[in-house]
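Residue numbers (the working numbering), protein chains in the order written: chain A, 10 to 509; chain B, 4 to 339; chain C, 581 to 933; chain D, 581 to 933.
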Ligand SMILES: Nc1ncnc2c1ncn2[C@@H]1O[C@H](COP(=O)(O)OP(=O)(O)OP(=O)(O)O)[C@@H](O)[C@H]1O
Ligand SMILES: Nc1ncnc2c1ncn2[C@@H]1O[C@H](COP(=O)(O)OP(=O)(O)OP(=O)(O)O)[C@@H](O)[C@H]1O
Ligand SMILES: [Mg+2]
Ligand SMILES: [Mg+2]
């Protein structure tokens, strides 16, 4: 297979990359052997994606060099040469919503010849999607796809180039269990065919599942490279964080049976999404909502907080019945929530941390509709402290924060008004281990203070803090699992297997 | 001016050397395009045309309006022709861009009467217009005399892209240079906009408080802003006050006459909207009847001159001052 | 991924306004049927055109005659080319307001380069036959300059071309002194006034260029790359599209098309006035946008833009034939555009951007 | 986060063009120093203003006199109010082209409601004192209609207001028959022509409204919500802001401000011509955008917009004082705007959108 089996498939040496005063990569590098699947691990902002853009020829390093199979990398302008060497699933979506799925798959290579044959391209697309078991209509608009389907399309596209080196930057962040499983199967196939891969993820167990070796970056520097066998979980976390890992211990809580019900849902229906949902959350309780793709859990949560309107049914929050489908009245009733996609509904990137975090209580920061910047800053400072948000201060725009910290700002916004009912959807998507812990910790703290919480997530780790987990399947709650479940049980329930 | 009821014959007989009708029967529809509907002068004209046409028994098609856009004028002309116009009255505000249209109308043997402007190229049957250069000269002579040949005047010009604006500006400028070299002229291109006129005049008065005269190219848009600026400066005083600034306007709309009566401005050149309409219809009818005209004076105080591409009837444009402002023959005194 | 049937529907709420406040008819408008119809989105104006044709034929028997319809097409041909140019630029996610100034300025400068001083030229004595190519070059250069400013200084296309609108027209005014140019070379007049096979050459030229545009944007990689760039420039770059180069090329082509529009207009009118093109840009945007070209880039088709031009042309023609009084014409005209907009919104079934 | 010092930089690559092609000076322009300066971003035009003041004082001794500067302010006050309106609408992420038509139409209709038929009115015999409030109401209603169309039918703000630009002006033309209105009630002329404490009332009014705008957008919940909506409407909605309501209110306020601008302009000019306001919108956008208000929403300040207005006003004043020949004026004017744009880009240090 390998022409020069001794030369590494990819080698990046002494890479330094600055963005203004930010050093994204500081004399970092890595070497990936032919045919191996190599994990790149590091906390948010460690420089992983920056290395990806350098390895794919999108950015020029300030210093250092990249070699493919022993040869120097092609000039930046020669995109074709780059594409022949490396294919990539970028962290940021590169789907073009206004184009069809088929065209997205074959963008800028719609045809070998001169004139595009649309029918042939659709056929090729269908074949490609089929090959990777992606069930989407190639002639549909990519903009109509769900997050997960988009991700699958991106992966299929990257794999379709036939490159011998493939980079996957957090491909699993948007996928659910079975989809991840299928992706891993596919990656193993490719490895058997001798394809080299670089895999980035914040889910450390995935590293052990598909990778042979792993490199850890921290503070823009290379920390360690090793085979996965030589770097057990704790050591890996220690390398990432620079401290000894403490596995997150869910706090033990006891819920007073007489505690007041803060959130009650009766007979909630939304055509095609979920049906006859009943749900009761008491003060101090954390209820998990789990379910695989399209189980309706996100739609349900969004209906509770007023982002969507259910077709029928009653939602009671803290004794009040907010107007259905109306966020302000849900907030007024005492809801706090973290939406599914922080970029979409979570924050206003140009506005400051303080302003984003205090947006729902803007009316309480001064009289006559006025906002006192001082009070806002003061409030924001306490939130920053409580959630341990790494920022220059309350005046820094959220758009300048790293993903994990931006997510904490969204959490701050949810908690700022001391909600009676807290609804959080996928709060830990794309955030690193430590940030994950502090985000989950803040949900627990809120519960401790007497809030009832609903936590929607596919991540078993997240769900561990829940007092009970409701499993949804095809829009119905099929199981109520109390604390102390085993991973297998829950996954089986989510896949509908245990549903005899 | 010419209030008597001219029959085509009387007018024709007055025009020397008229030849016998070439085409047998007159008649047929007359298409008319109005140049714009957003100025007082043209609105008066637009009102006169159908009135006069029905009085003269001319079959007028529903008028089109080209909104000061020559491309629309061309489109409108084509539509009028396809709807069966046998003669066309138009007022191309852009005298160049109409050339091909005139050629193609000539090819279809459709005579064209243009009003207010003289196309630079392309055959016309008759141009009905007052001499815009004469406006500028009249204004210059009036101001020059009032100022005694010295001092500073401001000329609020129309748009550079407009032939009428350019003619007035050049004539005023040339006349000043020639006859009153002691007078300094400031030229302000206002694009026919009142707002620009007010700003420029205000700035200029700040810079040169000793300005003594103003010539504005279009009373319709320049009058009120000018008066407002003068009023704010406390310069709106009777002509016998030494602070008085002499103002000559152009157009002859009723508001200008009011201002003359009030002593706020001193004169205006009355651009005869009624005569424009009247003779436009008159010549269109004559064209349909196959009449032809020769250069020379006419019976209505005007003069027909020979152009390379046709004839032009240069209508009189009287200078209106406090003395003759109440003359009932002035069109500005006839509008309700 | 279990309930596959149900999974077709978009996950990303494209019309948050409608779904989140859950009020009234808006969600219904935004609803599903749009998806199936999406292939015909470029044809949403066709019903409007049909209505206009019917209304027109009732209003005046002349309306449906070949002569009148030919006139409509010829009158719109120059505007149509500018709309084509703007559509390309909009699809690539940019903006060009200065096109309207190019329509007047490029022909004026080109002609001044070849004619004698006495006729208003620079008196350089260049061969008159060069006027047409020079005009295209001038237009292309202005486009290139726009593109350069936007790409190199990362300035907003809207503002740059707004300033350039004034600068280019200012150059026209300054160089000609506001006067019209009449002494035009024969060759320069030819395209706008010739008749080929019974139809004005302008119609043929515009038709061919639209066909080329449709083919390029439909069936060629370079054309498709405009959609990719307008839809997501980063993704386009990642896919190996040379974004800067393509954007620059689009501005250059846009400038040249506007210059060609100027040539056709000059031939049709027989001279170049200082006002040529002034005020067109509003109509250009109206045509492009009612034709379904998005102001946000990446969306719309050349065919759609063409239907937009036709609607505008037919409305103007009908208003003229009907003899709507000048002072009410604008109102009727604007009202019809607004209605066309809403019809294309309703039949198109998608929120606009 | 580990590298705290380094963490300043934005995570979202805002300037992909610069970073990805890695070519030439662009990245340097886009680079970091912008961030420190970002607090002063609304003041990037201050150097331009200083240069203009210096140049002006050399060109003419009159320039720096209080009388002349007062004139500049007065001349710009009506335009400034429209810029204020447009800035609010732009910050909220929308667009309004029809403001320029409101400047003429609202005063005309209001006056026609109160004056006699002989003077061009409807002859309703309403008390003349109502003209001013009626005018504001008309403006607000047009704004509300714009907002309604945009929100309810989810139409693009650009196109709706483009059509409304034509419709509103068409209504003005139709109702007045294109005639200027001279018989204006005293009360209607008052605001635009009165002098308070030695300065024209128009300057006071505009100044106060800008101050109110700055305070509202800086320190009030409702004002801050414009930034949230313009920056990310979905996030604003999720944070409990009633996006539709606020957007509608912004259009209403914008319409009323444009109507007020019309009142001031009417008072200054002494009559309402059919062309009042026509063509302003270009200047309005130029002022807002060189003043740092983004066309993409969520960015910019009222103070910045004000500096934009001042630059435009000073340039016009200097050109008039200097007596630049009419035919070259536009070129110089456009050129200066282009340069101001680049200066504000260089000192502002951020890519524009
Ligand atoms: N285009 C850019 N401009 C400015 N700063 C940037 C740019 N791209 C990345 N950075 C900065 O470089 C650093 C490294 O970012 P990078 O995206 O590589 O992190 P990462 O390891 O991929 O993090 P995550 O796990 O959150 O994806 C961060 O501080 C980020 O803010
Ligand atoms: N009318 C609606 N009601 C509820 N959800 C909707 C609606 N329209 C769109 N959605 C969106 O559909 C997406 C999928 O909803 P669902 O509740 O099935 O999520 P899920 O079970 O988490 O599936 P996945 O894991 O694939 O995201 C959610 O992001 C939700 O916002
Ligand atoms: Mg990353
Ligand atoms: Mg999900």
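All C-beta atoms in this analysis are idealised placements derived from N, C-alpha and C, irrespective of residue type, glycine included.
Can you tell me where the beta strand (DSSP E) with residue i in it begins and where it stops?
{"i": "residue 315 of chain B", "result": "313–318"}
{"i": "residue 155 of chain B", "result": "154–160"}
{"i": "residue 477 of chain A", "result": "477–482"}
Is the beta carbon of residue i sitting closer than 9 Å to the one on residue j?
{"i": "residue 111 of chain A", "j": "residue 148 of chain A", "result": "yes"}
{"i": "residue 683 of chain D", "j": "residue 856 of chain D", "result": "yes"}
{"i": "residue 91 of chain B", "j": "residue 113 of chain B", "result": "yes"}
{"i": "residue 828 of chain C", "j": "residue 728 of chain C", "result": "yes"}
{"i": "residue 283 of chain A", "j": "residue 251 of chain A", "result": "no"}
{"i": "residue 638 of chain C", "j": "residue 711 of chain C", "result": "no"}
{"i": "residue 228 of chain B", "j": "residue 657 of chain D", "result": "no"}
{"i": "residue 258 of chain B", "j": "residue 226 of chain B", "result": "yes"}
{"i": "residue 861 of chain D", "j": "residue 910 of chain C", "result": "no"}
{"i": "residue 891 of chain C", "j": "residue 871 of chain C", "result": "yes"}
{"i": "residue 150 of chain A", "j": "residue 109 of chain A", "result": "yes"}
{"i": "residue 315 of chain A", "j": "residue 335 of chain A", "result": "yes"}
{"i": "residue 49 of chain A", "j": "residue 208 of chain A", "result": "yes"}
{"i": "residue 435 of chain A", "j": "residue 468 of chain A", "result": "yes"}
{"i": "residue 195 of chain B", "j": "residue 168 of chain B", "result": "yes"}
Using only alpha-carbon positions, find the residue among the options that is nearest to residue i.
{"i": "residue 925 of chain C", "options": "C:748, C:869 and C:911", "result": "C:869"}
{"i": "residue 26 of chain A", "options": "A:16, A:390 and A:55", "result": "A:55"}
{"i": "residue 356 of chain A", "options": "D:878, D:897 and D:915", "result": "D:878"}
{"i": "residue 714 of chain D", "options": "D:905, D:843 and D:895", "result": "D:843"}
{"i": "residue 765 of chain C", "options": "C:669, C:689 and C:672", "result": "C:689"}
{"i": "residue 808 of chain D", "options": "D:880, D:782 and D:894", "result": "D:880"}
{"i": "residue 379 of chain A", "options": "D:798, D:642 and D:654", "result": "D:798"}
Starting from residue i and walking both ways along the alpha helix (DSSP H), at which residues does that stretch end?
{"i": "residue 179 of chain B", "result": "166–182"}
{"i": "residue 824 of chain C", "result": "823–849"}
{"i": "residue 744 of chain D", "result": "737–756"}
{"i": "residue 72 of chain B", "result": "Unbroken run through residue 72 of chain B: none, as it is neither H nor E."}
Could you name each continuous alpha helix (DSSP H) segment of 4 residues or more that falls completely within the region 867–912 of chain C, going from the start of the chain to the end? 882–902
Is there contact between the region 81–99 of chain B and the region 823–841 of chain C, where contact requires at least three CB pairs shorter than 8 Å? no
Would the region 693–711 of chain C count as touching the region 658–678 of chain C if we require 3 or more Cβ pairs under 8 Å? no
Note down, one range per segment and in chain order, each alpha helix (DSSP H) of at least 4 residues found wholly within the region 350–392 of chain A. 362–366
When the Cβ atoms of the region 176–189 of chain B are set against those of the region 144–157 of chain B, are three or more pairs found closer than 8 Å? yes
Pairs of beta-carbons, one from the region 41–49 of chain B and one from the region 97–111 of chain B, closer than 8 Å: are there three or more? no
Mind listing, in chain order, the continuous beta strand (DSSP E) runs of no fewer than 3 residues lying wholly within the region 11–78 of chain A? 19–28, 31–41, 46–51 and 72–77
Could you tell me whether the region 365–377 of chain A touches the region 450–460 of chain A, using the rule of 3 or more Cβ pairs below 8 Å? no
Tell me, please, whether the region 239–254 of chain B touches the region 298–310 of chain B by the rule of three or more beta-carbon pairs shorter than 8 Å. no
Check whether the region 133–140 of chain A touches the region 179–193 of chain A, counting contact only when three or more Cβ pairs, one atom from each stretch, lie closer than 8 Å. no
List, from N- to C-terminal side, the beta strand (DSSP E) runs of 3 residues or more that fit wholly inside the region 217–242 of chain A. 222–227 and 230–236
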